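Novice: Before I ask anything, here is the structure I am working with.
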Amino acid sequence: MKRIAALALASSLATGLLLTGCSVEHVSSETGAPVSSGSGTEPGSGRVVNVCSWGEYIDTDLIDQFEEKTGIKVNYQTAESNEALYSLLKSGGATFDVIVPSDYMISQLIEENMLAELNYDNIPNFSKIDDRFKNLSYDPENKYTVPYTWGTLGIIYNTAMVEEPITSWSAMFDEQYAGDVLLINNSRDALGIALYYLGYSVNTTDEAQIREAFQLISDAVSAGVYQGKVMDEVFQKMEQGNAAISTYYAGDYLTMLENNPDLAYVVPEEGSNWFVDAMCVLKDAQNKDEAEEWINFMASTEANLANMDYIWYASPNTEALEQYPAYYEETYGEPLDLELYEIMAAPQEVLDRCESYLVLPEATRALYNDLWIELGL
Amino acid sequence: MSKELIRLTDCVMSYDDDIILDHLNLYINDKEFLTLLGPSGCGKTTTLRIIGGFLTPTSGDVFFDGVRINDVPPHKRTVNTVFQKYALFPHLNVFENVAFGLRLGSTETSQVNGKPITRKVKIPESEIRRRVMEMLEVVNLKGFEKRSISALSGGQQQRVAIARALVNQPKVLLLDEPLGALDMRLRKDMQNELKRIQQEMGITFIYVTHDQEEALAMSDTVVVMDGGRIQQIGTPEDIYNEPKNAFVADFIGESNIIDGIMRADGVVEIFNRKFQCLDKGFDKDEPVDVVIRPEDVDIVDEASGQLKGTVTSVTFKGVHYDTIVDFYGFKWLIQTTDFCPAGSHIGIKIDPDGIHVMKKSAYSGMFGDYSSYSEEYDEIGDVDYDPEQEESFREDGHEEE
Amino acid sequence: MKKSKRPLLAIPYVVWMAIFVVAPIIMVVIYAFSTAGGGFTLENFTRMGTYTVIFTRSFRLALIATVVCLLIGYPLSYMMAKEGPRFQRVGMMLIMLPMWVNFLLRTYSWMSILEKNGLLNQFFSAIGLFDLINAVFGTNIQYFHMIGTQGAVVLGMVYNYLPFMILPIYSVIVKLDNSLLEAARDLGASSTAVFRKVIFPLSLPGILSGVTMVFVPSVSTFAISRLLGGGTQMLLGDLIEQQFLGGAYNPHLGSAIALVMMIIVVVCMWIMNHFGEGEEQAVML
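Structural data, given as structure tokens:
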């Protein structure tokens, strides 16, 4: 008797583990219908679309609205980073229809022939996208993508902990605030900062230039400038005042600002990265039509306004950009702080001194990786 | 000339309200084989553990060679123990188990200002080796040195335990029911072995058991205990032939214990009949307990018997028949090679030296009646028999309701 | 000869092991020896030399964490085993309680304790510790630099894996036959000798278990080194992660590193077990 009980327990445990391995984070609609993980329409049970985006990157009401409006079931999942998403796609670990990668990852996916060309007749809201965000370098003929959000990378610093306002990337290498500076924990962004500072293109493949940039960081590490390398931990560190200077994205700055009003944001004078996250459809997606419907819905002005308000990243939709201050005032009853709005949606002069990432050739990517690991040695 | 080695004075052991040892007074001589005998819970193991140092008496003193050792921990006493479940070290082989105590060094005790001072002196390896091999030979385990403990039989493990204790040449060896787990034949062999070793090595053995045959076979002195008190101390013969009270009489061998009245020196009356006996020193007409061993009763024909009774059951035991006989409502056990079938009327004769008279004690009436042997459970022997009833029996010669 | 049905009962276990243990290891081995193109290569292993620093750092920190766990865990287990059952129940619950909280959350909370403005530093500041130190030594410190150090990483490892050291040792000691200890004392062993010659050797299996269960996860951790080490202490786990989630997706190199790590750990375990067995028959300490 005991053995049978033990066996039953073991097999239910195993099944449970198997299932948790398969399922991922998702936001299901209020209908309470069982949410399946992974691919495809169940035969005869209605239409489905599988979306993979980032954490805290959508106003969840929009998902409900879409499902009501179109009757398409949304399986919404998130990934941790572009590299994690790539890893997932490459190893065949998931089947999505719509993904929302960043610019450089999109160009890599296009190169590797993993994206489907979109039928823009199914996406009339594409016309609302500001011309600034069409035909960008990662998708020059705009055949694969519809922009979702955009923003800038900049320096976030604690005005109470530094003596004068920061304007240059030099702050990231300066020994003045040694021990209080946080380096961003991925090779592309970190080396990118050094490249901006040195005046080189952030997409250079010149090994000498890359090594020079690396040396800058390496010396700073040896000099003890950095408290550590962070990604999400930056929120806690900046909000609690555990560090003075860090590099992160505009939208995240606005979130941190809520918890610590001493924080300030600047896009340094040498220029920075401006990024676009765009929606695209995987080549082997099962639900292409549904995917395009979703994209069209997300590109609408209403959706963009709601999203802007929720995640505080700028929208590429022209109407939404214009209407947002009024929308804000209507919703909250007070005028929108235009300075903050400019941080969220940087004006063109700022964008002019920014560069966006392109996919780097494999050899350069390998070089970045090796250098980054060298830092850890 | 034996000298006193260990003395316990007025030892009391109690836990909360339970009294385990009740003012125990005992002395043990050097080179003596002394057995603590009694039923479970009588306090014999507790006494042993107090001598070993694993327990401290609640009150009372323990003396070793004249020195008070109440507070001396076990590892400082020149006493070694053979445990009931052997307690051999599973991570060591036979040699290392036996050598364990030697490797710790030998204890030297000396007296400074009346307090015992002990110190450890290291023993050279060659000597350790010699003594261990010697001891293994004594217990007949030569050649087993490298064996692992788990590869030994019960008897072999027992012998390793004995060797491990003896190799330290203790003054006293404590044995806590060491043969309990062995089968009959092996037990008898080991009993002889232990006796032999004790006499050869001249060590004091303090042995604990509940098996009275074992105690009688091996001991110089037997201490019978019950309820935390010593009931009797004596040689095996004394204990057997002259038990002091009903408990001892019943615990050692089989006994019929009958109420009697001492009429005069050498004359005791049971069932209204006077019997010659060898006991003296009682008050006239004092109520006493009379012990008659089953093997001391001769069965004769009814007419010539001192008492008349009816056989209620007979069991063949090989060596003899266990015959239950009803005498005037009181059931006796008689062990005889004569076969008397159930229901037959018999007479019995008892020689004077087969009768032993004891003073009445708290145990009177609790033992000595063999009613439960017989089929007739409702017939419980009536200890306070009625003399008038006895008259009628005498006339009829058989029982009456 | 009894035809036992027992082997059938082992089938779920065998299936589980095959799918979730054997197959993944085979995949790792295959990846380690191949290139992106699919051909056989030893290239991934030749690069191992460049990562020696990380290997030594990982093993060193794991070793330190294991020793610390042993030094803290053994006395604690011993003391608990000697106490009564009520104390043992409460003690065991207190030790296990943190395990009910998610591993990552526990590590994050240590961050907020060790940070520059974290709980500890705030507390020290409030009681005037820094002023005292500055006054005595003439320094000018405002806080203790705790986060982002190797010490913090070791602390994280010890905190997370200490119960795994305590449990096996405790369960071995508590089951020790008391009569063995009495026998040792009877034969002349003082308390230290009883510990050295009986308790410690018999508790070795527990120690071995505990060491294994602390050392192995410590070597391969990456969350602890990232969160508490501030990303400055790159360990094997981080290194392997970089190959999968870093700038250049290279599962082959990652698998090769993982394979080398696995082999080293297995060798360490083998040595330790061998050492443990030898103790049983050897002359005592």
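Residue numbers (the working numbering), protein chains in the order written: chain R, 9 to 385; chain B, 630 to 1030; chain G, 340 to 624. Glycine included, each C-beta is placed from N, C-alpha and C at the ideal position. None of these values were measured; they are calculated from a predicted model.
Identify each residue in the segment 389 to 401 of chain G for which the Cβ-Cβ distance to at least one residue of chain R is less than 7 Å, and report them in chain order.
Specialist: Result list: Val392, Ile393.
Novice: Just curious, the beta strand (DSSP E) that Lys1040(B) is in, first and last residue?
Specialist: One cannot answer for residue 1040(B) here, as it falls past the ends of chain B, which runs 630 to 1030.
Novice: Can you check whether the C-beta of Arg428(G) is within less than 8 Å of a C-beta belonging to chain B?
Specialist: As a working note, residue 428(G) is residue 89 in the third sequence. Chain B contact via Cβ: absent.
Novice: Do you know how far the Cα of Val606(G) is from the Cα of Gln360(G)?
Specialist: Within the third sequence, the letter at position 21 stands for residue 360(G). Within the third sequence, the letter at position 267 stands for residue 606(G). Checking the sequence, you will find Val at residue 360(G) rather than Gln. Roughly 19 Å between the two C-alpha positions.
Novice: Enumerate in chain order the residues of its own chain whose CB-to-CB distance from Leu717(B) is below 7 Å, with the five nearest sequence positions on each side excluded.
Specialist: Reading the second sequence from its first residue, position 88 is the one you call residue 717(B). Result list for Leu717(B): Asn726, Ile778, Gln786, Val789, Ala790, in chain order.
Novice: Verify the CB distance criterion: does Ile1009(B) have a CB-CB separation below 8 Å to chain G?
Specialist: Stepping through the second sequence from its first residue, residue 1009(B) is reached at position 380. With a pLDDT of only 46 at Ile1009(B), under 50, the local geometry of the prediction cannot be trusted, and the value read off the model is given with reservation. With 8 Å as the cut-off, Ile1009(B) does not count as an interface residue toward chain G.
Novice: Measure the CB-CB distance between Phe483(G) and Asn499(G) and report whether it falls below 8 Å.
Specialist: Translated into the one-based positions of the third sequence, residue 483(G) becomes position 144. Translated into the one-based positions of the third sequence, residue 499(G) becomes position 160. No, the Cβ-Cβ distance between Phe483(G) and Asn499(G) is not below 8 Å.
Novice: In chain G, what lies closer than 9 Å to Ser89(R) by C-beta?
Specialist: Sequence index remark: in the first sequence, residue 89(R) carries index 81 (1-based). What Ser89(R) touches in chain G: Leu584.
Novice: Nearest-angstrom Cα distance between Tyr318(R) and Ile480(G)?
Specialist: Against the first sequence, residue 318(R) aligns to sequence position 310. Against the third sequence, residue 480(G) aligns to sequence position 141. Computed Cα separation, rounded: 42 Å.
Novice: Output the distance between the C-alpha atoms of Leu381(G) and Ile596(G), rounded to the nearest integer angstrom.
Specialist: The count along the third sequence starts at 1 and reaches residue 381(G) at position 42. The count along the third sequence starts at 1 and reaches residue 596(G) at position 257. One C-alpha to the other measures close to 12 Å.
Novice: Exposed or buried, Gly487(G), counting other C-beta atoms within 10 Å across all chains shown (16 or more means buried)?
Specialist: As a working note, residue 487(G) is residue 148 in the third sequence. Buried, because 16 or more other Cβ atoms sit within 10 Å of the Cβ of Gly487(G).
Novice: Using the Cα positions of Lys421(G) and Gly681(B), report the straight-line distance between them to the nearest angstrom.
Specialist: Along the third sequence, one-based indexing puts residue 421(G) at 82. Along the second sequence, one-based indexing puts residue 681(B) at 52. Approximately 22 Å between the Cα atoms of the pair.
Novice: Determine the DSSP secondary structure at Ser933(B), reduced to helix, strand or coil.
Specialist: As a first step, residue 933(B) must be located in the second sequence, where it is residue number 304. Of the three classes helix, strand and coil, the one that applies to Ser933(B) here is helix, per DSSP.
Novice: For the beta strand (DSSP E) containing Phe956(B), list its first residue and its last residue.
Specialist: Locating residue 956(B) in the second sequence gives position 327, counting from the first residue. 950 to 956 is the extent of the beta strand (DSSP E) around Phe956(B).
Novice: How many angstroms separate the CA atom of Thr175(R) from the CA atom of Ala258(R)?
Specialist: Position 167 of the first sequence, counted from the first residue, corresponds to residue 175(R). Position 250 of the first sequence, counted from the first residue, corresponds to residue 258(R). Near 15 Å, if we compare the C-alpha coordinates of Ala258(R) and Thr175(R).
Novice: If we count Cβ pairs, one from each stretch, closer than 8 Å, do we get three or more for the segment 658 to 675 of chain B versus the segment 843 to 851 of chain B?
Specialist: Touching, per the Cβ criterion.
Novice: Using a Cβ cut-off of 8 Å (strictly closer), state whether Ala374(R) contacts chain G.
Specialist: In the first sequence, counting from the first residue as 1, residue 374(R) sits at position 366. At least one chain G Cβ lies under 8 Å of Ala374(R).
Novice: Report yes or no: is there a C-beta of chain G within less than 8 Å of the C-beta of Tyr1006(B)?
Specialist: Position 377 of the second sequence, counted from the start, is the residue given in the question as residue 1006(B). Residue placement at Tyr1006(B) is flagged as unreliable, the pLDDT there being 43, under the threshold of 50; the coordinate-derived value follows with that caveat. No, Tyr1006(B) does not count as interfacial toward chain G.
Novice: Taking only runs that begin and end inside the segment 247 to 311 of chain R, name each unbroken alpha helix (DSSP H) of 4 or more residues, in chain order.
Specialist: For the segment 247 to 311 of chain R, whole alpha helix (DSSP H) runs of length 4 or above, ordered along the chain, are 258 to 267, 296 to 306.
Novice: Relative to the C-alpha of Met450(G), which candidate in Gly570(G), Ile434(G), Met366(G) has its C-alpha closest?
Specialist: Counted from its first residue, the third sequence places residue 450(G) at position 111. Closest option to Met450(G), Cα to Cα, is Gly570(G).
Novice: For a contact meaning CB atoms closer than 8 Å, what does Tyr370(G) contact in chain R?
Specialist: Residue numbering aside, residue 370(G) sits at position 31 when the third sequence is read from its first letter. None at all; the shortest Cβ gap to chain R is about 10 Å.
Novice: Using a 10 Å radius around the Cβ and a threshold of 16 neighbouring Cβ atoms, would you call Asp105(R) buried or exposed?
Specialist: Counting from one through the first sequence, the residue named residue 105(R) turns up at place 97. Buried, by the Cβ-count rule.
Novice: By DSSP's criteria, Ile355(G) is part of a beta bridge. Which residues make up the other side?
Specialist: To locate residue 355(G), count along the third sequence from 1; it is residue 16. Just to set this straight, residue 355(G) is Trp in the shown sequence, not Ile. DSSP output for Trp355(G) lists no bridge partner at all.
Novice: Mind listing the chain D neighbours of Val289(R)? Cutoff is C-beta to C-beta under 7 Å, in chain order.
Specialist: No chain D is part of this structure, whose protein chains are labelled R, B and G.
Novice: Taking only the alpha-carbon atoms, compute the straight-line gap between Arg445(G) and Leu436(G) and give it to the nearest angstrom.
Specialist: Here the question's residue 445(G) lines up with position 106 in the third sequence. Here the question's residue 436(G) lines up with position 97 in the third sequence. Those two C-alpha atoms are separated by around 11 Å.
Novice: Can you find a CB in chain G that lies within less than 8 Å of the CB of Glu300(R)?
Specialist: What you label residue 300(R) is simply residue 292 of the first sequence in a count that begins at 1. Not closer than 8 Å to any Cβ of chain G, the Cβ of Glu300(R) fails to qualify, so no.
Novice: So Glu300(R) and Leu126(R) are in contact, right, with Cβ under 8 Å, and what is the actual spacing, rounded?
Specialist: The count along the first sequence starts at 1 and reaches residue 300(R) at position 292. The count along the first sequence starts at 1 and reaches residue 126(R) at position 118. That pair is a contact at about 7 Å.
Novice: In the DSSP assignment, what residue or residues form a beta bridge with Ile977(B)?
Specialist: For the purposes of this step, residue 977(B) is identified with residue 348 of the second sequence, where counting begins at 1. Ile977(B) is bridged to Ile928(B), Leu936(B).
Novice: Between Glu422(G) and chain B, is any beta-carbon pair separated by less than 8 Å?
Specialist: For the purposes of this step, residue 422(G) is identified with residue 83 of the third sequence, where counting begins at 1. Judged by the 8 Å Cβ criterion, Glu422(G) is not in contact with chain B.
Novice: What first and last residue would you give for the alpha helix (DSSP H) that runs through Pro346(G)?
Specialist: As a first step, residue 346(G) must be located in the third sequence, where it is residue number 7. Unbroken alpha helix (DSSP H) run through Pro346(G): 345 to 348.
Novice: What residue does the alpha helix (DSSP H) around Cys408(G) start on, and which one ends it?
Specialist: Here the question's residue 408(G) lines up with position 69 in the third sequence. Residues 391 to 421.
Novice: Compute the Euclidean distance between the alpha carbons of Ala399(R) and Glu338(R), then round it to the nearest angstrom.
Specialist: Look at the range of chain R in this structure, 9 to 385, and you will see that residue 399(R) is not part of it.
Novice: Show which residues of chain G have a CB atom less than 8 Å away from the CB atom of Ala716(B).
Specialist: The residue given as residue 716(B) occupies position 87 in the second sequence. Per Cβ cutoff of 8 Å: Asp516, Ser518, Leu519, Glu521, Ala522.
Novice: Return the chain-ordered list of same chain residues with a C-beta closer than 8 Å to the C-beta of Asp197(R), the five sequence neighbours on each side being excluded.
Specialist: Translated into positions along the first sequence, residue 197(R) becomes position 189. These residues qualify, in order along the chain: Leu161, Thr255, Asn281.
Novice: Between the segment 404 to 423 of chain G and the segment 493 to 510 of chain G, are three or more C-beta pairs nearer than 8 Å?
Specialist: Taking 8 Å as the limit for Cβ pairs, the verdict is that the segment 493 to 510 of chain G does touch the segment 404 to 423 of chain G.
Novice: Output, in sequence order along the chain, the residues in the segment 561 to 579 of chain G whose CB is closer than 9 Å to any CB in chain R.
Specialist: Residues Arg565, Leu566, Gly568, Gly569, Gly570, Thr571, Gln572, Met573, Leu574, Asp577, Leu578.
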